[in-house]
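Residue numbers (full-length UniProt numbering): 1 to 275.
Cβ coordinates follow ideal geometry from the N, Cα and C atoms, glycine included.
Here the structure is laid out as structure tokens; the discussion comes afterwards.
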């Protein structure tokens, strides 16, 4: 019986991935169709097709994840911000599981949203299609012998330049500043990169948090039934702050948001320096 249940859950997950892939393809075809009939608008906004595809696909992913998928419910614990037409922002979220990116669609469907993603995703979704919805790949060097990976040095500058271009053209940036998933659920140290990007370019940062996502997806890509929580705080300005000051303030706010969750576990998730 357990084997049958595991098989059915795996099949269900594979069908869900196929559905997401179908959404990517349909969004691309929709973009092509719209461009054919509206191409003069391209001279007014070079990224209007990217924005259209972005909003359509993320809305579809959110619908599939929380209305077709019977295992998950997403509950906001705070008011969630919406896109400000005049000001671009960086939204920073803690990271525990593959499900985090899915949960944040509750928030990102309100924006033209740019995520950074691992190049391994190109095995499933073609790069040009992801490019056309404003997503930015991070390229890794994979050492098969040591079973390790590291970001390719020559890719970092290109990532920052691409993010700046997208933000200059109306996109907002969604970042997981820990840089890797927390295996315990405890909030990790934040990387400097996008805090420096914020200071250099004057972009406000909106601290956000997700919770109860740890083990929401487990191998082999099976979803566990649960309520997933999302929270957002007030924007933090980089003006007059060093990278370290900005990083500490945002991390503290993300931590306080995490503590709002009814599933927060003090025995494993307390971060002493943030108390």
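Query	Result
CB-CB length for residue 199 against residue 246, believed under 8 Å	6 Å
Residues near residue 184 by beta carbon distance below 7 Å, same chain, minus five either side	268
Burial state of residue 214, where buried means 16 or more other Cβ atoms lie within 10 Å	buried
Neighbourhood of residue 196 by C-beta distance below 8 Å, restricted to the same chain and skipping five residues each side	243
Those residues which DSSP pairs with residue 208 across a bridge	93, 232
Cβ-Cβ distance between residue 170 and residue 44 below 8 Å	no
Boundaries of the alpha helix (DSSP H) in which residue 148 is found, first to last residue	Run containing residue 148: none in the alpha helix (DSSP H); it sits in the beta strand (DSSP E), 148-151.
Enclosing alpha helix (DSSP H) for residue 57 [first to last residue]	48-63
Residue 113 - partner residues in DSSP beta bridges	172
Of the residues 204, 146, 13, 17, the one placed nearest residue 83, counting alpha carbons only	204
CA nearest to the CA of residue 62, picked from 26, 38, 106, 80	106
Presumed contact (8 Å Cβ cut-off) between residue 109 and residue 58, rounded CB distance	5 Å
Check whether residue 112 and residue 134 have beta carbons under 8 Å apart	yes
Burial state of residue 123 (16 or more Cβ within 10 Å)	exposed
Supposed contact pair residue 212 and residue 187 - C-beta distance, whole angstroms, cut 8 Å	Not really, about 14 Å apart at Cβ, beyond 8 Å.
Beta-carbon contacts of residue 192 that lie in its chain and below 8 Å, excluding the five residues immediately before and after	243, 247
Close beta carbons around residue 80, own chain, < 8 Å, minus the five adjacent residues each side	106, 107, 110, 230, 232
Proximity of residue 92 and residue 32 at Cβ, strictly below 8 Å	no
Simplified DSSP state of residue 251, which is helix, strand or coil	helix
Beta carbon of residue 114 nearer than 8 Å to that of residue 52	no
Minimum C-alpha distance to residue 119 - residue among 139, 128, 104	139
Rounded straight-line distance, which links the Cα of residue 129 to that of residue 28	6 Å
For residue 87 and residue 127, the rounded distance between their alpha carbons	28 Å
Assigned exposure category for residue 261 - 16 Cβ within 10 Å defines buried	buried
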